[in-house]
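In case it helps, this note's numbering puts the sequence shown at residues 315 to 834.
Reviewing the structure listed below.
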Amino acid sequence: MKIWLLRVGVWLTLKLRVYYVWSRVYQWLYEKRKWSQVTIPLFPTFKDIEEIVGAMEWHKDSWRELWDAISSPQAAYGKHLKGERTSHDCLPAGTLLLRNDYSFVPIEHVKIGDTVIGNGSSVRILKTWRKGIKPTLVFRLNNGCSLTCTADHKIFVHRGIRGGVGRTKKVQCIRAKEVHVGDILLQPQKFPLQAESPRDTKLAWLEGTYVADGWVSRYNQFYVAALENGTKHSNRERIQKFCTARGIYFKPTRKCVAIGDKILTAHMRTFGIGAPQKHVPNMAFDKKSLNSFLLGVQNDASTAASGTITYNTTSVQLALQLRVLHRMRGESTHLRRRDNHGGLGDKPIYRIIPRTGIRGRFKSTTVREIAIGPEVETYDVMTESGEIYLPECDIVVHNCDDISIFAAFCLERARKNGNLTRTVTDVGLLSCPWLKNTGKVGGHNVCAFAYRNNGGVKWASISNWYDGEIQWDFSDKEDIIKKMTAGFATSLGWAYARVSLKKEKLRLKPTEYHWNVKGD
315 MKIWLLRVGV
325 WLTLKLRVYY
335 VWSRVYQWLY
345 EKRKWSQVTI
355 PLFPTFKDIE
365 EIVGAMEWHK
375 DSWRELWDAI
385 SSPQAAYGKH
395 LKGERTSHDC
405 LPAGTLLLRN
415 DYSFVPIEHV
425 KIGDTVIGNG
435 SSVRILKTWR
445 KGIKPTLVFR
455 LNNGCSLTCT
465 ADHKIFVHRG
475 IRGGVGRTKK
485 VQCIRAKEVH
495 VGDILLQPQK
505 FPLQAESPRD
515 TKLAWLEGTY
525 VADGWVSRYN
535 QFYVAALENG
545 TKHSNRERIQ
555 KFCTARGIYF
565 KPTRKCVAIG
575 DKILTAHMRT
585 FGIGAPQKHV
595 PNMAFDKKSL
605 NSFLLGVQND
615 ASTAASGTIT
625 YNTTSVQLAL
635 QLRVLHRMRG
645 ESTHLRRRDN
655 HGGLGDKPIY
665 RIIPRTGIRG
675 RFKSTTVREI
685 AIGPEVETYD
695 VMTESGEIYL
705 PECDIVVHNC
715 DDISIFAAFC
725 LERARKNGNL
735 TRTVTDVGLL
745 SCPWLKNTGK
755 VGGHNVCAFA
765 YRNNGGVKWA
775 SISNWYDGEI
785 QWDFSDKEDI
795 IKKMTAGFAT
805 SLGWAYARVS
815 LKKEKLRLKP
825 TEYHWNVKGD
């Protein structure tokens, strides 16, 4: 009986999930709007032609053919074809992104094909741009950090049905200039653990303890602070047990424990010799070793009466890594830089506080203040999913401009004017929601069209995938869907809407609607 109820529950969950996705696609297809206002619920798109032209690469012959077929926009926006792109969907140079291996990279150093973290999962970089010097906005957040971006950069916020600010699951993609004080920004729920095999939890604890309060001498030994009769006396005993069990030489002193193993000292040296150089060289933890490592780092953290833990470090890299490590556990963090801290030395101190709310719920990241920022050098990237994680702010922003809408507009206009070298018919938008192998619902949309080929009819598609190139020689629309989802997702079905133009307005007329999930 219990197994039967479980099966029914799983089936109903999947059915409702799929119905929710399809209802959004169905509603979108039947709404009438100007082509420049088109946005697809599951996968945001361009909002105006200036952004489209400014963000696209035009060196591809296939795109040049489409562009040359359109005379009017070319004259109006020809300036965008040379030099720096003028789209304003930009982030300042130096903004850090998080690679797939959890290392940090400035946005200007990212290359096409690199893999970075999006909304809690890996995404591939499809394009990169240098956008030039542009004015910015600065958003001060309640997690102690600030987000700097251009006014037209797209940001994900939680808003209710009527656009009101609130803790709702509904996420909207809006421009930075439309963000209000009090808006709740999108955070990733959890990062995947990447350990290929279980790590030694006792060694992970010692690594964390060394990162918190250890140093390496000129000789083949390292030290870990552990007062003989102080608050860290338990650490002293645990280190002695670790060394005794493994036959490692150690020498306890009044203030610390000296460990004289050559191999272990070389290993600890990779974590940094002194406090400003401390970092985590390998972020591939499993659940148990991650908890052990953080427990070791907490040996030098301060704990309030409420149980709130505060890490203190002079290493900015370690501060951001601690944020990422807690995000692996699904926890957000508050991070603040203190320059006038009154302590020893003149280096700034970074304070990291794991943020937990009432009854274990993790706190949201909200906008506290909005200010005009300086004019700075800016860059942008395009990703597969349209989402990218910013570790310095601990939020997810939009960084992918879908070219499918623009491709459909270009093709239909060129077809009507008779300017295409190929005979093109049935220009439309093909939308496909899917269920990823990870269990998450997603989707993509492409511009699909039919063309004459050796006396027969073939299909082709254009999207931000495959570096913006036209994909030719599909037998039908179903064949496009198969390639779109091959290897990582199961199609929940697809919808096809024919594109037509009337006075420069894009109209969508749904003609096909297929459902791949069958009931009992």
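We treat Cβ as the ideally placed atom computed from N, Cα and C, and that holds for glycine.
| Query | Result |
| --- | --- |
| Assuming Phe599 contacts His593 under a Cβ cut-off of 8 Å, what Cβ separation, rounded to an integer in Å, is found between them? | Wrong, their Cβ atoms sit about 14 Å apart, outside the cutoff. |
| Whole angstroms is fine: what's the gap from Val495's alpha carbon to His472's? | 13 Å |
| Hey, out of Pro506, Leu608 and Cys570, whose CA is closest to Ala518's CA? | Leu608 |
| Does the pairing of the stretch 640–648 with the stretch 550–561 give three or more beta-carbon distances under 8 Å? | no |
| Do Thr692 and Leu440 have their CB atoms nearer than 8 Å? | no |
| Work out the CA separation of Gln635 and Glu826 for me, nearest whole Å. | 48 Å |
| Need the endpoints of the beta strand (DSSP E) that Lys750 sits in, please. | Val738 to Lys750 |
| With a 10 Å radius around its C-beta and 16 neighbouring C-beta atoms as the bar for buried, classify Phe802 as buried or exposed. | exposed |
| Put Gln612 into one of helix, strand or coil per three-state DSSP. | helix |
| Within the chosen definition, does the stretch 509–517 reach the stretch 679–696 through at least 3 CB pairs nearer than 8 Å? | no |
| Could you name the residues that DSSP lists as bridge partners for Cys487? | Phe470 |
| What is the rounded straight-line gap between the Cα of Ile573 and the Cα of Trp529? | 11 Å |
| Note the first and the last residue of the continuous alpha helix (DSSP H) segment covering Gly522. | Thr515 to Asp527 |
| What do you get for Pro502, buried or exposed, if any count of 16 or more other CB atoms within 10 angstroms of its CB means buried? | buried |
| Could you give the residue range of the alpha helix (DSSP H) that holds Arg641? | Val630 to Met642 |
| Between which two residues does the alpha helix (DSSP H) carrying Asp793 extend? | Lys791 to Thr799 |
| Tell me the rounded alpha-carbon separation between Ser531 and Val525. | 15 Å |
| Kindly provide the ranges of any alpha helix (DSSP H) runs that are 4 or more residues long and lie completely inside the stretch 544–583, ordered along the chain. | 547–560 and 576–583 |
| Could you tell me which of Tyr703, Cys487, Thr627 and His648 sits nearest to Ile667, measuring between CA atoms? | His648 |
| Is any non-hydrogen atom of the ligand FAD found closer than 7 Å to the C-beta of Ala572, if you look at the structure I gave you? | As presented, the structure is devoid of all ligands, the ligand FAD included, so that no description of it is given. |
| Cα-Cα, which of Thr804, Ile794, Ile469 and Ala800 is closest to Tyr810? | Ile794 |
| What's the C-alpha gap between Gln612 and Ser606? | 10 Å |
| Nearest by alpha-carbon distance to Cys746: which of Cys761, Asp740 and Thr737 is it? | Cys761 |
| Could you check where the beta strand (DSSP E) with Cys463 kicks off and where it finishes? | Ser460 to Cys463 |
| From Cys707 to Arg665, what distance separates their C-alpha atoms? | 14 Å |
| Where Asn457 and Tyr537 are concerned, what is the direct C-alpha to C-alpha distance, given to the nearest angstrom? | 34 Å |
| Please name the residue in Ser435, Thr628, Asp527 and Cys459 whose C-alpha comes closest to that of Thr679. | Cys459 |
| At the level of alpha carbons, what is the spacing between Asn596 and Val741? | 49 Å |
| Ile709 to Leu806, Cα distance in whole Å? | 29 Å |
| In whole angstroms, what is the alpha-carbon distance linking Leu412 and Gly432? | 9 Å |
| Use the C-beta contact count for Glu521: other C-beta atoms within 10 angstroms, 16 or more gives buried, fewer gives exposed. | buried |
| By how many angstroms is the C-alpha of Arg652 removed from the C-alpha of Gly588? | 19 Å |
| By the three-class DSSP mapping on this structure, what secondary structure does Pro590 have? | helix |
| Taking all protein chains shown into account, decide if Asn654 is buried (16 or more other Cβ within 10 angstroms of its Cβ) or exposed. | exposed |
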